[in-house]
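Chains as they are written, first to last, in UniProt numbering: chain A, 1 to 347; chain B, 1 to 287.
Cβ atoms here follow ideal geometry from the backbone N, Cα and C, with glycine treated the same way.
As the structure is a prediction and not an experimental result, all values here were calculated from the model.
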Amino acid sequence: MNRAIDFFLSSTMRWLLLALAIVFPLVVTSEYLVYVMALAFVWAIAVYGMNIITGYCGQLNLAHGGFFAIGAYAVAILTVDHGWPFWPAFAMAGVFGAVFGLLVGVVSLRLKEHYFAIFTLSVGYIIYLLIDKWEELTHGSLGIISISPPEGFGLVDFTQTVPFYYLVLAFLAFAIWITRRISESLLGRTFRAIRISDDLAQSLGINLMRNKVLAFVISTVYAAFAGGLYAGVVRFIGPEQANFIHTFDMIAYLLVGGFGTLMGPLAGTLIVTWLTQAVQGLEEYRMIVFGPLLVLLVIFFPKGIVGTFLSWRGRRLARQAPRGDRASRTGGSEPTADQSQGARNNA
Amino acid sequence: MELFIQQILNGLTLGSIYGLVALGLTLVYGILHVPNFAHGALYMVGAYVCYFAMVELGLNYWVAMVAAAAVVALLSVLCERLVFHPLRHAPPIHDKIAAIGILLFLEAVVQMHWGADFRRIPTPYNEILRLGELTLPVQRLLIIGGAFALMGALHLYLKKTMTGLTIIAMAQNREGAFLVGIDANRVAMMTFAIAGALAAIAASLFAPINLVYPAMGHLVLLKAFVIIILGGMGSIPGAIIGGLIIGFAEALGGFYISSTYKDVIAFVLLVVILSIKPTGLFTKGVR
């Protein structure tokens, strides 16, 4: 039993998931389903970004959808209006994500908790209004059509769904790998320390501002790259992309999967996307289900699927282990939202 | 000069509406320390209840307004009981997410029933008063008069009645309020009811000169947040003064600077203020 549980957390499991994702388009015959999966992966990349600032670092960033739109618009404007090829435009999307992230982060992260959430909500709205009104730059409410797809250099054709699926998958795998590296490094521990308590982290000598801004910029770069990929696959974007309903979608994905966990963003995004797909016609009114779901989750199930699994495993190990052995057995597990919540209450 | 005074009147109208919405938000924040993102949805539901009562049931404007206030007050209390009360010991990020959940739910329900199209509420007061060169639409005067009368009534309620005083006591010091035997549940429900009613009345007053649609609450909510940050979160006079500042800034900015970007003005103001003074203009220290 224990080995089965450990298997879920092992790197073998992650390779198995990757293998499953690689064979997915070969097994599923419907191109539409592959397309839905590719889009879900794009969103998952953005949710990984949100996980860094909101999940690990504990700052509820409500402008995340805005940065996704900045990335998408960077690609759209550079390829359509300035005739750039996709890949340089895509790289610029990341640069824009980083620059705007730095600017917004430096101002907004001086604020705490509610002020930060409200401020970023306003930033998200400013981004939306600017995209909607600044017609010379963004084509206003008409949106931008026929964005050029990524070049395959004669080897692959990324206008086809299946090659694009693999491209997105590669980016997603890279995003998860980076998140894992961050999570296991001193930087990840620093972020968690900030989430648990600003004051405690500061008294440990952690430079709050520098680390928060770093987490924020990493998250906006994720969002901008995800936006760039989105522009490449959908090839049409409008101001709606910056509407904060998409930020809330991402919060829902993250909440279902589990804040501050490695596989939570992926699990949440896939589960919610496929549930929405399963009920046809729900797309437009998904919030009738999502809204109460968000409330119920936050009241009864705040750790999400992965977080609940991890803390269940932690409790199980603690029960089984003989007294002296406890520290060493549980020491290696990923800290869950549960522990940080406990620490927050104690603090 | 006439144009300027006209803009002042517009600013006063906008400021009164924003002030009413911000008052509810600041009251709830004072009691629970929750930024209630669902407040904009309550405002929107208020407008739709008023629309339903007036246009679909054919009731009188004032009856419709009272009905909207009652329905939204009830809805607001339900939110407190079902969502915010169970979350009172949770980390602050959870309240915010739950409030967003309520917001999305209410909007989706309204959109499913009434669709996303713009609707109008007919005003029974179409007259326009003329004062020299000035044109004074009666509905606008009604908004200003109604809003300030309501603010006055709220002030009297909070300062002169026992239940009002318990609300103030709890906003000032939670533990102290418990020590003298104030029932926290009652105060919280009362506060949410007042906040909901204020939002619904603001919506019913403003709807005849504006449009009714499911996303109408977004901008109003965001501006109300700007206002209570400006005025200090939890401060009642701050909400009223902040409302007027934003109202004037928008009316004058929209007229003299750019009408396309008039909605951005409030947020630019917020960004500037928070960059200079991260705790807001009128706060005495953090929280």
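Proximity of residue i and residue j at Cβ, strictly below 8 Å
{"i": "glycine 247(B)", "j": "glycine 15(B)", "result": "yes"}
{"i": "alanine 173(A)", "j": "leucine 293(A)", "result": "no"}
{"i": "alanine 67(B)", "j": "valine 55(B)", "result": "no"}
{"i": "isoleucine 70(A)", "j": "phenylalanine 100(A)", "result": "yes"}
{"i": "alanine 4(A)", "j": "glycine 94(A)", "result": "no"}
{"i": "valine 72(B)", "j": "glycine 101(B)", "result": "no"}
{"i": "proline 150(A)", "j": "glycine 232(A)", "result": "yes"}
{"i": "aspartate 132(A)", "j": "serine 122(A)", "result": "no"}
{"i": "isoleucine 305(A)", "j": "valine 256(A)", "result": "yes"}
{"i": "glycine 238(B)", "j": "isoleucine 228(B)", "result": "yes"}
{"i": "phenylalanine 84(B)", "j": "aspartate 95(B)", "result": "yes"}
{"i": "leucine 42(B)", "j": "alanine 202(B)", "result": "no"}
{"i": "leucine 296(A)", "j": "threonine 261(A)", "result": "no"}
{"i": "alanine 38(B)", "j": "alanine 99(B)", "result": "yes"}
{"i": "valine 80(A)", "j": "serine 146(A)", "result": "yes"}
Alpha-carbon to alpha-carbon, residue j and residue i
{"i": "phenylalanine 225(B)", "j": "tryptophan 15(A)", "result": "46 Å"}
{"i": "leucine 12(B)", "j": "leucine 23(B)", "result": "16 Å"}
{"i": "asparagine 243(A)", "j": "valine 28(A)", "result": "32 Å"}
{"i": "threonine 120(A)", "j": "leucine 129(B)", "result": "43 Å"}
{"i": "alanine 90(B)", "j": "phenylalanine 301(A)", "result": "12 Å"}
{"i": "arginine 287(B)", "j": "lysine 112(A)", "result": "Because the pLDDT of arginine 287(B) is 40, which lies under 50, any placement of that residue in the model is unreliable, and the question is left without a value."}
{"i": "glycine 19(B)", "j": "phenylalanine 206(B)", "result": "12 Å"}
{"i": "phenylalanine 96(A)", "j": "arginine 195(A)", "result": "27 Å"}
{"i": "arginine 174(B)", "j": "glutamate 2(B)", "result": "50 Å"}
{"i": "valine 268(B)", "j": "alanine 53(B)", "result": "38 Å"}
{"i": "arginine 326(A)", "j": "tryptophan 312(A)", "result": "A caution first: arginine 326(A) carries a pLDDT of 49, below 50, which makes its placement in the model unreliable, though a value can still be read off. Each residue's Cα considered, the two are about 15 Å apart."}
{"i": "phenylalanine 73(A)", "j": "leucine 229(A)", "result": "Checking the sequence, you will find tyrosine at residue 73(A) rather than phenylalanine. C-alpha separation (whole angstroms): 11 Å."}
{"i": "serine 204(B)", "j": "glutamine 241(A)", "result": "31 Å"}
{"i": "glutamine 341(A)", "j": "lysine 303(A)", "result": "Confidence at glutamine 341(A) is low in this model, with a pLDDT of 41, below 50, so the placement of that residue should be treated as unreliable; the coordinate-derived value is given next. The straight-line gap from Cα to Cα measures roughly 10 Å."}
{"i": "residue 348(A)", "j": "leucine 130(A)", "result": "The question about residue 348(A) has no answer, for chain A in this structure spans 1 to 347."}
{"i": "glutamine 6(B)", "j": "isoleucine 236(B)", "result": "28 Å"}
{"i": "histidine 155(B)", "j": "glycine 242(B)", "result": "17 Å"}
Under the three-state DSSP convention, the category residue i falls into
{"i": "arginine 326(A)", "result": "Only weak support is given to the placement of arginine 326(A): the predicted model assigns it a pLDDT of 49, under 50, and the question is left unresolved by the model."}
{"i": "isoleucine 145(A)", "result": "strand"}
{"i": "threonine 135(B)", "result": "strand"}
{"i": "valine 34(B)", "result": "coil"}
{"i": "valine 212(B)", "result": "strand"}
{"i": "phenylalanine 301(A)", "result": "coil"}
{"i": "threonine 12(A)", "result": "helix"}
{"i": "leucine 78(A)", "result": "helix"}
{"i": "leucine 129(B)", "result": "strand"}
{"i": "arginine 119(B)", "result": "strand"}
{"i": "isoleucine 206(A)", "result": "coil"}
{"i": "alanine 224(B)", "result": "helix"}
{"i": "tryptophan 236(A)", "result": "Going by the sequence as given, residue 236(A) is phenylalanine instead of tryptophan. In this structure, phenylalanine 236(A) counts as strand in the three-state DSSP scheme."}
{"i": "leucine 102(A)", "result": "helix"}
{"i": "residue 348(A)", "result": "What is shown of chain A runs 1 to 347, which leaves residue 348(A) out entirely."}
{"i": "asparagine 61(A)", "result": "coil"}
Under 8 Å by beta carbon: chain B residues contacting residue i
{"i": "methionine 287(A)", "result": "Leu104, Phe105, Glu107 and Ala108"}
{"i": "isoleucine 251(A)", "result": "Ile97 and Ile100"}
Neighbour list for residue i in chain A, Cβ cutoff strictly below 7 Å
{"i": "alanine 202(B)", "result": "Within chain A, no residue comes near alanine 202(B); the closest Cβ sits about 20 Å away, beyond 7 Å."}
{"i": "threonine 13(B)", "result": "By Cβ distance, chain A contributes nothing, its closest Cβ being about 22 Å from threonine 13(B), past 7 Å."}
{"i": "serine 275(B)", "result": "Val107"}
Under 9 Å by beta carbon: chain B residues contacting residue i
{"i": "serine 219(A)", "result": "Going along chain B, no residue has its Cβ under 9 Å from serine 219(A), so there is no contact; the nearest lies around 15 Å."}
{"i": "isoleucine 53(A)", "result": "Chain B residues near isoleucine 53(A): none, gap ~12 Å exceeds 9 Å."}
Listed by chain order, chain B residues near residue i by CB distance under 7 Å
{"i": "proline 292(A)", "result": "Gly101 and Phe105"}
{"i": "proline 163(A)", "result": "Result: empty, since nearest Cβ-Cβ is about 35 Å, beyond 7 Å."}
{"i": "tyrosine 56(A)", "result": "Ordered by position in chain B, no residue passes the 7 Å Cβ test against tyrosine 56(A), which lies about 13 Å from the chain."}
{"i": "phenylalanine 248(A)", "result": "Ile100 and Leu104"}
Where residue i meets chain A, residues with beta-carbon distance less than 9 Å
{"i": "valine 21(B)", "result": "The contacting residues do not exist; valine 21(B) stays about 14 Å from chain A at best."}
{"i": "valine 264(B)", "result": "Tyr125, Ile126, Leu129, Leu130 and Lys133"}
{"i": "valine 83(B)", "result": "Val295, Val298 and Ile299"}
{"i": "histidine 94(B)", "result": "Val298, Ile299 and Pro302"}
Contacts that residue i makes with chain A (C-beta to C-beta distance below 8 Å)
{"i": "proline 86(B)", "result": "Ile299"}
{"i": "phenylalanine 225(B)", "result": "Ile118, Leu121 and Ser122"}
Interface residues of chain D facing residue i [CB-CB closer than 8 Å]
{"i": "leucine 270(B)", "result": "Going by chain labels, chain D is absent from the structure shown, which instead holds the protein chains A and B."}
Cβ-heavy atom distance, residue i to the ligand HEM, below 7 Å
{"i": "alanine 41(B)", "result": "Judged by which ligands are present, the structure shown has none, so any question about the ligand HEM falls away."}
Original post:
On the three-pair Cβ rule with 8 Å, is the region 213-232 of chain A touching the region 105-113 of chain A?
Top reply: yes
**OP:** Examine the Cβ distances between the region 117-137 of chain B and the region 82-90 of chain A and report whether three or more of them are shorter than 8 Å.
**Re:** no
**OP:** Determine contact between the region 46-56 of chain A and the region 188-201 of chain A, defined as no fewer than three beta-carbon pairs at a distance below 8 Å.
**Re:** yes
**OP:** Mind the definition here: the region 180-192 of chain B touches the region 154-170 of chain B only if three or more C-beta pairs lie below 8 Å; say whether that holds.
**Re:** yes
**OP:** Count the C-beta pairs between the region 27-36 of chain B and the region 183-200 of chain B that are closer than 8 Å, then say yes if the count reaches three, no if not.
**Re:** yes
Subject >> Cβ contact check for the region 255-273 of chain B and the region 139-158 of chain A: 3 or more pairs under 8 Å >> reply: no
Original post:
Are at least three pairs of beta-carbons, each pair with one atom in the region 264-281 of chain A and one in the region 38-46 of chain A, less than 8 Å apart?
Top reply: yes
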